[in-house]
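Residues 1 to 394 in the UniProt record's numbering are what the sequence shown lists, from first letter to last. Idealized CB from N, CA, C, for every residue including glycine. Remember, predicted model here, so these are calculated numbers, not experimental data.
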Amino acid sequence: MIPFELLSPETGNPLQADGAHALRDAETGQRWPVIDGIPYLRINRAELVAATLAHLDAGETDAALAGLLADQDDWWNGPPADPDALRHLIANRDTATLREAVDALGWGRVGDYFVNRWSDPTYLAGLTLLEAHWNEPACAFELACGIGHYLREMQTRGVRVAGADVVFAKLWVARHWVVEKGAQLVCFDASSPHWPIAEAPVDLVLCNDAFYFLDDKAGILANLRRTAGEDGWLAMSHIHNSDCPGFSAGKAVTASEIEELFPDALVYDDAELTRALVEARAPTPRDPHAIKSCEAFSLVAGPGMRPAPRSVVDGITLPPAGTALRLNPLYKVDLSGAYAIRWPSERYAAEYAGRVTYPLHSEGPKQLEWEGALQTPLAERVRRREYVDLPERW
């Protein structure tokens with residue numbers, strides 16, 4: 001675990017343990033709840049914080065958890081989670097699958113994206129960005145880590161990880177279904193008056209498919225750079241381009257804004273990264289203005305980044321040898337008895353069908369063990385995500 005010292009998001013004062021289920025502001029006495037080792041430090045949620053603490057102080061942990069699991073980010077426009085479904089999920093958390101968990105949480109299309117993200121072309125672009133500049137980081141922090149896809153990949157390679165997200169439920173799902181216990185997870189608003197992570201430089205700071213959502217991009221970026229310290233580096237993928245309307249909400253950026261915010265960066269067209277993975281080559285960085293019509297930008301910045309990208313052949317984009325792989329769950333048995341891709345929704349198909357790396361049909365089998373041999377037909381099937389490394393209780 002990365003021993004981040006936590007600070008109050010409202011005062012900036014150090015937070016100290018106050019029993020097993022709370023943190024206390026060392027100066028003001030203000031308390032913040034902690035469930036399953038995940039501190040809840042969201043601002044503008046005073047009533048929810050008070051109600052959660054009241055339940056925890058009364059020993060009503062499940063009721064406290066249900067309240068936090070129903071909390072969403074300010075972009076959410078779907079219906080609220082069903083209270084009965086949440087209670088059932090909490091009672092069955094040790095046996096439920098990841099698919100059942102996201103359904104119970106009422107995430108709808110967002111749930112479709114999360115359970116299938118291991119083969120999404122935008123997710124693969126982020127992995128490619130990391131591998132092209134990988135320098136064996138010892139510890140990494142990811143802002144807007146969601147349910148922990150990238151954290152899991154780095155843990156598999158011995159990296160100590162910490163992740164933060166504004167939605168407590170995503171971190172809770174990460175804790176129970178995706179990442180190993182050593183991950184430090186914190187729920188907070190990136191735009192808090194005080195960044196709640198004290199300066200504790202890490203080797204690598206990540207923000208994937210989320211930076212375009214943030215309001216105070218310059219201020220939050222300054223915090224991320226401080227977290228990376230004088231020797232670390234930043235990897236930020238799939239930053240939506242406002243000159244190329246896409247499917248997601250948020251506040252996209254222009255090529256000029258990328259240039260202004262990241263004068264020290266190597267910038268990529270997100271789609272170029274995915275192509276580089278499939279072709280097992282080094283991705284080509286470009287001047288932001290030369291790719292101003294791309295759907296999304298990706299970049300690395302900071303003093304610790306690799307000065308030139310390396311070929312994407314044998315690093316974090318492929319699972320470690322000995323990993324048990326499963327056929328991509330998007331494949332379903334068709335009328336002929338073969339496997340064919342079936343999209344989870346029309347929106348998913350509209351966003352990804354034209355850019356996916358895996359074939360639309362597969363001969364199977366359903367499972368296999370990856371031995372790590374790179375120059376084989378199987379390696380190509382793994383690289384293209386016909387086969388994926390899924391959590392045990394996917």
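{"Asked": "Beta-carbon contacts of Pro319 that lie in its chain and below 8 Å, excluding the five residues immediately before and after", "Found": "Thr156, Leu325, Trp370, Val382, Asp389"}
{"Asked": "Proximity to Phe213 [Cα-Cα], best of Ser191, Ala183, Pro9", "Found": "Ser191"}
{"Asked": "Buried versus exposed call for Pro9 [16 or more other C-beta atoms within 10 Å across all chains shown]", "Found": "buried"}
{"Asked": "Continuous beta strand (DSSP E) assignments of at least 3 residues falling wholly in the stretch 249–285", "Found": "266–269"}
{"Asked": "Cβ pair count under 8 Å reaching 3, the stretch 297–307 against the stretch 321–337", "Found": "no"}
{"Asked": "At least three beta-carbon pairs within less than 8 Å, the stretch 163–175 to the stretch 224–244", "Found": "no"}
{"Asked": "Terminal residues of the beta strand (DSSP E) in which Arg310 lies", "Found": "Where Arg310 is concerned, there is no enclosing beta strand (DSSP E), given that its DSSP letter is neither H nor E."}
{"Asked": "Secondary structure of Ser119, DSSP reduced to three states", "Found": "helix"}
{"Asked": "Exposure of Thr376, with buried meaning 16 or more beta-carbon neighbours within 10 Å", "Found": "exposed"}
{"Asked": "Distance, Tyr113 Cα to Arg93 Cα", "Found": "21 Å"}
{"Asked": "Contact set for Ala96: own chain, Cβ-Cβ below 7 Å, skip 5 residues either direction", "Found": "Leu89"}
{"Asked": "Contacting residues, own chain, Cβ-Cβ under 6 Å from Met236 (five flanking each side not counted)", "Found": "Cys207, Phe211, Leu299"}
{"Asked": "Close beta carbons around Gly106, own chain, < 8 Å, minus the five adjacent residues each side", "Found": "Gly78, Pro79, Pro80, Ala81, Asp82, Ala85"}
{"Asked": "Proximity winner among Gln72, Arg342, Leu185, Phe168, relative to Arg152 (alpha-carbon distances)", "Found": "Leu185"}
{"Asked": "Nearest-angstrom Cα separation, counted from Thr28 out to Leu124", "Found": "45 Å"}
{"Asked": "Beta-carbon spacing of Gly315, Trp118 below 8 Å", "Found": "no"}
{"Asked": "Own chain residues within Cβ distance below 6 Å of Arg130, not counting five before or after", "Found": "According to the sequence displayed, residue 130 carries Leu and not Arg. Here the set comprises Ala235, Ile316."}
{"Asked": "When Thr128, Pro137, Gly158, Arg175 are compared against Cys145, the one with the closest alpha-carbon", "Found": "Arg175"}
{"Asked": "Length of the line joining the Cα atoms of Met305 and Ala282", "Found": "15 Å"}
{"Asked": "Nonlocal neighbours in the same chain, by C-beta distance under 7 Å from Glu33, ignoring five residues either side", "Found": "It should be noted that the sequence gives Pro, not Glu, for residue 33. Cβ neighbours of Pro33 beyond the five flanking positions: His21, Ala22, Tyr40, Val49, Thr52, Leu53, Leu56, Ala64."}
{"Asked": "Residues near Ser293 in its chain [Cβ-Cβ closer than 7 Å; skip 5 each side]", "Found": "Asp243, Cys244"}
{"Asked": "Close-in-space but distant-in-sequence residues of the same chain around Val173 (CB under 6 Å, 5 per side omitted)", "Found": "Ala101, Ile147"}
{"Asked": "Under the three-state DSSP convention, the category Tyr352 falls into", "Found": "helix"}
{"Asked": "Contained beta strand (DSSP E) runs [length at least 3] in the stretch 76–143, N- to C-terminal order", "Found": "139–143"}
{"Asked": "Within the UniProt domain \"Methyltransferase type 11\" (142–235), ranges of the beta strand (DSSP E) (whole runs, at least 3 residues)", "Found": "160–165, 184–187, 204–208"}
{"Asked": "Contact under 8 Å by Cβ, Ala228 with Val253", "Found": "no"}
{"Asked": "Rounded separation between Leu221 and Ala353 - CA only", "Found": "32 Å"}
{"Asked": "Limits of the beta strand (DSSP E) - the one that Ala296 falls within", "Found": "296–301"}
{"Asked": "Which listed residue (Arg393, Asn328, Val313) has its alpha carbon closest to that of Ala132", "Found": "Val313"}
{"Asked": "Test item: CB-CB of Ala340 and His361 under 8 Å", "Found": "yes"}
{"Asked": "Cα-Cα separation between Lys366 and Ala271, rounded to whole angstroms", "Found": "29 Å"}
{"Asked": "Cα-Cα separation between Asp264 and Asn13, rounded to whole angstroms", "Found": "32 Å"}
{"Asked": "CA nearest to the CA of Asn241, picked from Arg393, Lys170, Ala290", "Found": "Ala290"}
{"Asked": "Residues that DSSP places opposite His361 in a beta bridge", "Found": "Ala340"}
{"Asked": "Continuous beta strand (DSSP E) stretch holding Arg381: start and end", "Found": "Note, Arg381: premise wrong, no beta strand (DSSP E); alpha helix (DSSP H) at 377–383."}
{"Asked": "Pro121 classed as buried or exposed, judged by whether at least 16 other C-beta atoms fall within 10 angstroms", "Found": "buried"}
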